[in-house]
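Peer 1:
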Amino acid sequence: MAGQIVYKIATLGSHSALQILKGAKDEGFKTLCIATSDRISLYSRFKFIDKILEIETFSDFPKIQKKLIAEKAIIIPHGSFVAYLGIDENKKMTVLYFGNKKVLDWESDRLKQREWMEKAGVPVPKKFTDASQIDRPVIVKSYGAAGGHGYFFAKNKREFAIRMKNFKAKKYLIQEYVIGVPLYIHYFYSPISRKLEILSIDKRYETNVDSLGRIPSQNQQGLGIEPSFVVVGNIPLTLRESLLAEAFEMGERVVATSKKLMDGGIWGPFCLETIITPEQKFSIIEISCRIVAGTNLYVSGSPYSVLYYDREVSTGRRIAMEIKEAIKKGKLKKILN
Amino acid sequence: MAGQIVYKIATLGSHSALQILKGAKDEGFKTLCIATSDRISLYSRFKFIDKILEIETFSDFPKIQKKLIAEKAIIIPHGSFVAYLGIDENKKMTVLYFGNKKVLDWESDRLKQREWMEKAGVPVPKKFTDASQIDRPVIVKSYGAAGGHGYFFAKNKREFAIRMKNFKAKKYLIQEYVIGVPLYIHYFYSPISRKLEILSIDKRYETNVDSLGRIPSQNQQGLGIEPSFVVVGNIPLTLRESLLAEAFEMGERVVATSKKLMDGGIWGPFCLETIITPEQKFSIIEISCRIVAGTNLYVSGSPYSVLYYDREVSTGRRIAMEIKEAIKKGKLKKILN
Amino acid sequence: MAGQIVYKIATLGSHSALQILKGAKDEGFKTLCIATSDRISLYSRFKFIDKILEIETFSDFPKIQKKLIAEKAIIIPHGSFVAYLGIDENKKMTVLYFGNKKVLDWESDRLKQREWMEKAGVPVPKKFTDASQIDRPVIVKSYGAAGGHGYFFAKNKREFAIRMKNFKAKKYLIQEYVIGVPLYIHYFYSPISRKLEILSIDKRYETNVDSLGRIPSQNQQGLGIEPSFVVVGNIPLTLRESLLAEAFEMGERVVATSKKLMDGGIWGPFCLETIITPEQKFSIIEISCRIVAGTNLYVSGSPYSVLYYDREVSTGRRIAMEIKEAIKKGKLKKILN
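Protein chains in written order, with our numbering: chain A, 1 to 337; chain E, 1001 to 1337; chain G, 2001 to 2337.
Here it is as structure tokens:
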């Protein structure tokens, strides 16, 4: 396709770049990786990356933007874009950008995010607006928490007061600590076909919290370990099929509501981070409005993507497929910002 | 194949229906999903499902049986068949049914199930026929437990007595609580080739018990959480290769013994639910005599199925392969009830 | 290829033999499995195994060596080779052997292994040469620990003293107990292309330690369970992409240092067993200088191997690919001992 050859798929060298660029290559795009010097060696190892642009720090991104525009690059944002560039830099980008930037404000503000979820009729944990109301275990999250930092857990009001003393965040959310198992659902919404897919599911692998259970209770007490929730990997999961209908419907309500709240709504990949209780109820802890790292488990497809496609479709590849389809139908503007 | 075109593969829309129908389609069958109204939207998403028959509740299954017979449907039972229809409705079905219905009585009665396992020389946890004998931690299971409900754990005789007060089941089994890791082995026995395969392995993802370890011991105590074992997902596993010989042999003894105990014995997919102790000994907690949800992890094949087949074979697809082979060899009656 | 047809790929029937022989077959080699009588039934099940040589016990290996040499077998060593034959028998083998035997002495001696890692600039846990220095939780490992045996954990100096009384090992290493999550990185170094690949990642599934977290803290205390670390399976994982650069670089330094310490250095598959701390720092607990059982998860490829190869490449298959390439380039001697 002549149209396709013109564009290159580009992203920052981090997070899920390998999957994004591999998927782009598999769909016939030229690929471009913007990497800091310490990552050049990593991304040079892979043949599906056609070109690496070096920058000193991720915050130097604006400096190479002209070059990217000249290359006809389409940027695929992932978790590192907001973490390292901030929302404003993302919004200011003039290079072609996959996804709706208007979503960024709704995602980054925990109160607006709750409003979105609540309007979508998606179950969220009880919120405490005042510490004096705390009547059960809570988790406290700073507004701009990224990658597992900026959380703490408190069993009750008293523990909350003690721990607040060491908590640096000024803005934070006090939420009920929902007891159940975590499960992350990776969605993809196509504004071209107007269909929502569940592409894969994972749970995070968090240090040190996922090793706590390996320390017998009597030993834990002597060690006085504080749990931390730093994500260092991912573990594949499937969901009980009887909960899958609800998982789809929650995703569709999130998409439908986004169209009302923000011009154009959300499209492309997003993730609902859920806790499932013993009553088999979902509780939505957070939404990530882009590709999440848990999809890295499924570079050659997942038990869900195989239900739609005969090819080995990762979320990264699904993005490239959407762009290809948009080019083919002359609707590229519809999916870029 | 003319013979094959005649039959359709059908199942209830739940549990492992997606995998079963995808596998059937991949083997060239027409597919049919019987779904309740709340699930129509789920099963309508997938192109490999040729037809959806709506019923109000699963218990209305008998009402559409004539239609299924007219469609030349072959029913593939899964976990929801016994859970929602009960054993009697399963036995009364007149539509073509994959698997041996005589197995149902042996599986559903926990005492008969133990007898089967013991006769097969398969290790089972110690049983306590009288509460006064309890001399170690025990797990108490109601006879008809399904999907993780109807269990409780007691550290000793005293705790047993306390917890029995809130336990509703009238018939129950008191078993030694075996300390070790759970592992579920997915077998497939072909009555055509007379061969047993291990197709895949998983562990269940249970709420809330699989999140307990993430709560530090000192916090757990304040929370007073009761563990529950509700299965909401599955996690992939492989087994140490030195234990694989025994896993095959246990499966084969279970099959051989079933031929003595029930006319025709067991065939098709079944699962041994094991605990492996630090001495590397299996302890068999339960047998499921049909496809289990853990196989949903392996829609595009597993690290085991790839050892037999060049195609991507799930348990669902393996069932369709068996039916196809039976049609080809004129042995369809041998595998249907 | 005429050259290839001459050689057969052979291994002991255990550990990762299925994967090794499947991979060899997929690359066009004839395959040979040396199995004890209790395993004949297991390995007879798979068509990709061309021939099974029975031996009474693994220690009878030398008795069939002439036969193997006559068959032009290339032995692929795995974990059972050192565990069952010992280092000396491995070194004495005269049959063609994949990998550098000089590595065995460096791997088997925990002090030399530490020296290797330290010289490679790879982070290792703090070591205590004298019990009186213990000022934090420690893990004590016998020198010849295999498959999860020969470990114990102590919270402090006092607990160390108590537990030493029941510890049988004469030579042991006292290491800081690093609190974080375990993660095993499966590398492959090609001496032909001089490139290092990360082929896959897993975590072990250990009994009983991986079930401890499922027992509520209040129940654990009554049970008085001692944690054990016996590996009975493996669980798939991916690593946070931002840690992948470091994972590659650690592997490369380990390879480069090995070339200085031992003639020829390490080649083929090896594994770094890491703990990742909440500060996102790796701590290397051990190196395994051959294929590890965690690769059994990825018989049909992994989320990493798919980044290099369009085929479904397991570590077992990667070994066969290397041998094939060496034959093609007339460099077979370079990779065999």
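We put the beta carbon where it would ideally sit given N, CA and C, even for glycine.
#1: I need the straight-line Cα distance from E:S1193 to E:S1037, nearest angstrom please.
#2: State the CB to CB distance for the pair E:P1077 and E:F1098, rounded to an integer number of angstroms; the pair is presumed to be in contact (CB under 8 Å).
#3: Return helix, strand or coil for A:S288, following the three-state DSSP convention.
#4: At a CB-CB cut-off below 9 Å, which residues of chain A make contact with G:F2153?
#5: Evaluate the contact criterion for the region 2233–2251 of chain G versus the region 2276–2290 of chain G: three or more CB pairs, one atom per stretch, below 8 Å.
#6: Got a sec: is the Cβ-Cβ distance from A:A146 to anything in chain G below 8 Å?
#7: Tell me which residue opens and which closes the beta strand (DSSP E) that A:F229 is part of.
#8: Using the three-state DSSP reduction, which class does A:F61 fall into: helix, strand or coil?
#9: DSSP on E:Q1175, reduced to helix/strand/coil?
#10: Would you tell me roughly how many angstroms separate the C-alpha atoms of G:G2233 and E:E1054, rounded to the nearest one?
#11: What residue does the alpha helix (DSSP H) around E:I1087 start on, and which one ends it?
#12: Can you tell which of E:E1107, E:Y1205, E:I1020, E:L1032 has the C-alpha that lies nearest to the C-alpha of E:P1182?
#13: Give the interface partners of A:S305 over in chain G, defined as CB-CB distance under 9 Å, in chain order.
#14: Tell me which residues share the same chain as G:D2308 and place their Cβ nearer than 7 Å to its Cβ, disregarding the 5 neighbours each side in the sequence.
#15: Below 6 Å CB to CB, which residues in the same chain sit around E:Y1043 once its five sequence neighbours on both sides are set aside?
#16: Under 7 Å between beta-carbons, which chain A residues line up against E:N1156? List them in chain order, please.
#17: DSSP has E:D1202 in a bridge; who is on the other side?
#18: Should A:W345 and A:T257 be called a contact, given that it needs their Cβ atoms to be closer than 8 Å?
#19: Who are the Cβ neighbours of A:P227 in its own chain at under 7 Å, not counting the five residues just before and after it?
#20: Indicate whether A:L237 and A:T315 have their beta-carbon atoms separated by less than 8 Å.
#21: If we call anything under 8 Å between Cβ atoms a contact, is G:L2104 one with G:I2075?
#22: Note down the Cα distance separating A:T274 from A:E241, rounded to an integer number of angstroms.
#23: Take G:I2069 and list the residues in its own chain whose beta-carbon comes closer than 6 Å to its own, dropping the five residues that flank it on each side.
#24: Within a Cβ cutoff of 6 Å, which residues of the same chain sit near A:D26, ignoring the five residues on either side of it in sequence?
#25: Counting C-beta neighbours from all protein chains within 10 Å, is the total for G:L2297 16 or more, i.e. buried, or is it exposed?
#26: When the cut-off is 8 Å and only beta carbons count, does E:K1022 lie next to chain A?
#27: In terms of DSSP beta bridges, what is G:A2035 paired with?
#28: Quick one: what does DSSP say G:K2157 is sitting in, helix, strand or coil?
#29: Rounded to whole angstroms, how far is the Cβ of G:Y2184 from the Cβ of G:I2201, which I believe are closer than 8 Å?
#30: Taking the alpha-carbon of G:K2165 as reference, which of G:V2140, G:E2176, G:I2179, G:G2180 has the nearest alpha-carbon?
#31: Determine the burial state of G:I2162: buried for a count of at least 16 other Cβ atoms within 10 Å of its Cβ, exposed for fewer.
#32: Using the Cβ count rule (16 or more neighbours within 10 Å means buried), how would you classify E:R1214?
#33: What's the call for E:V1231, buried or exposed, on a 16-neighbour Cβ count within 10 Å?
#34: Please list the partners that G:T2207 has in chain E, where partner means a Cβ-to-Cβ separation under 7 Å.
#35: Alpha carbon to alpha carbon, how far is G:K2101 from G:T2129?
#36: For G:E2197, which residues does DSSP report across the bridge?
Peer 2: Short version:
#1: For this step, residue 1193 of chain E is matched to residue 193 along the second sequence. For this step, residue 1037 of chain E is matched to residue 37 along the second sequence. When rounded, the distance between both Cα atoms is 40 Å.
#2: The residue you call residue 1077 of chain E lines up with position 77 of the second sequence. The residue you call residue 1098 of chain E lines up with position 98 of the second sequence. About 7 Å separates the two Cβ atoms, so the contact holds.
#3: Here residue 288 of chain A corresponds to residue number 288 of the first sequence, with the count starting at 1. A:S288: strand per DSSP, three-state reduction.
#4: Within the third sequence, residue 2153 of chain G is the residue found at index 153, counting from 1. Here the neighbours are I215, P216, N219.
#5: yes
#6: The residue labelled residue 146 of chain A in the question sits at position 146 within the first sequence. Unreliable positioning characterises A:A146 in this predicted model, as indicated by a pLDDT of 46, which lies under 50. A coordinate reading is not provided.
#7: As a first step, residue 229 of chain A is located in the first sequence; it is residue number 229 there, counting from the start. Counting along the chain, the beta strand (DSSP E) containing A:F229 begins and ends at 229–236.
#8: Against the first sequence, residue 61 of chain A aligns to sequence position 61. Reduced to three states, the DSSP call for A:F61 is helix.
#9: For the purposes of this step, residue 1175 of chain E is taken as residue 175 along the second sequence, with counting starting at 1. Reduced to three states, the DSSP call for E:Q1175 is strand.
#10: Within the third sequence, numbered from 1, the residue matching residue 2233 of chain G stands at position 233. Within the second sequence, numbered from 1, the residue matching residue 1054 of chain E stands at position 54. Whole-angstrom Cα-Cα distance: 42 Å.
#11: Here residue 1087 of chain E refers to the residue found at position 87 of the second sequence. 1086–1092 is the span of the alpha helix (DSSP H), which, as asked, contains E:I1087.
#12: Residue mapping note: residue 1182 of chain E aligns to position 182 of the second sequence, counting from 1. Looking at the Cα atoms, E:Y1205 is the closest of the given residues.
#13: Counting from one through the first sequence, the residue named residue 305 of chain A turns up at place 305. Within 9 Å Cβ-Cβ: nothing; A:S305 doesn't reach chain G, min ~13 Å.
#14: For this step, residue 2308 of chain G is matched to residue 308 along the third sequence. In the sequence as presented, Asp is not what sits at residue 2308 of chain G; that position holds Tyr. Here the set comprises E2197.
#15: Along the second sequence, one-based indexing puts residue 1043 of chain E at 43. Answer for E:Y1043: G1013, C1033, A1035, I1049, I1052, listed in chain order.
#16: Numbered from 1 along the second sequence, position 156 holds the residue referred to as residue 1156 of chain E. Residues of chain A passing the Cβ test: none, with the nearest at roughly 17 Å.
#17: Counting from 1 along the second sequence, the entry for residue 1202 of chain E is found at position 202. DSSP output for E:D1202 lists E:Y1184, E:P1236 as bridge partner(s).
#18: No statement about residue 345 of chain A is possible, as the shown extent of chain A runs from 1 to 337 and does not include it.
#19: Locating residue 227 of chain A in the first sequence gives position 227, where the first residue counts as 1. Excluding positions up to five away in sequence, the list reads F153, N208, V209, L212.
#20: Position 237 of the first sequence, counting from 1, holds the residue named residue 237 of chain A. Position 315 of the first sequence, counting from 1, holds the residue named residue 315 of chain A. It is not a contact, given that the beta carbons lie outside the stated cut-off.
#21: As a position in the third sequence, residue 2104 of chain G is number 104, starting the count at 1. As a position in the third sequence, residue 2075 of chain G is number 75, starting the count at 1. Contact: no.
#22: The count along the first sequence starts at 1 and reaches residue 274 of chain A at position 274. The count along the first sequence starts at 1 and reaches residue 241 of chain A at position 241. Whole-angstrom Cα-Cα distance: 16 Å.
#23: If you number the third sequence from 1, residue 2069 of chain G lands on position 69. Correct list, in chain order: V2095.
#24: Residue mapping note: residue 26 of chain A aligns to position 26 of the first sequence, counting from 1. Contacts found: R317.
#25: Counting from one through the third sequence, the residue named residue 2297 of chain G turns up at place 297. Looking at its Cβ environment, which holds 16 or more other Cβ atoms inside 10 Å, G:L2297 is buried.
#26: Here residue 1022 of chain E refers to the residue found at position 22 when the second sequence is read from its first residue. By this cut-off, E:K1022 is an interface position.
#27: Mapped onto the third sequence, residue 2035 of chain G falls at position 35. For G:A2035, which the question treats as bridged, DSSP gives the partners G:E2054.
#28: Position 157 of the third sequence, counted from the start, is the residue given in the question as residue 2157 of chain G. Of the three classes helix, strand and coil, the one that applies to G:K2157 here is helix, per DSSP.
#29: The residue you call residue 2184 of chain G lines up with position 184 of the third sequence. The residue you call residue 2201 of chain G lines up with position 201 of the third sequence. Rounded, the Cβ-Cβ distance is 7 Å, consistent with contact.
#30: Counting from one through the third sequence, the residue named residue 2165 of chain G turns up at place 165. It is G:V2140.
#31: For the purposes of this step, residue 2162 of chain G is taken as residue 162 along the third sequence, with counting starting at 1. When all chains shown are included, G:I2162 counts as exposed.
#32: Within the second sequence, residue 1214 of chain E is the residue found at index 214, counting from 1. Under this definition E:R1214 is a buried residue.
#33: Residue mapping note: residue 1231 of chain E aligns to position 231 of the second sequence, counting from 1. Looking at its Cβ environment, which holds 16 or more other Cβ atoms inside 10 Å, E:V1231 is buried.
#34: In the third sequence, the residue the question calls residue 2207 of chain G occupies position 207. The contacting residues are G1180, V1181, I1276, T1277, P1278.
#35: Position 101 of the third sequence, counting from 1, holds the residue named residue 2101 of chain G. Position 129 of the third sequence, counting from 1, holds the residue named residue 2129 of chain G. So the two alpha carbons sit approximately 29 Å from each other.
#36: Position 197 of the third sequence, counting from 1, holds the residue named residue 2197 of chain G. Beta-bridge pairing links G:E2197 to G:F2188.
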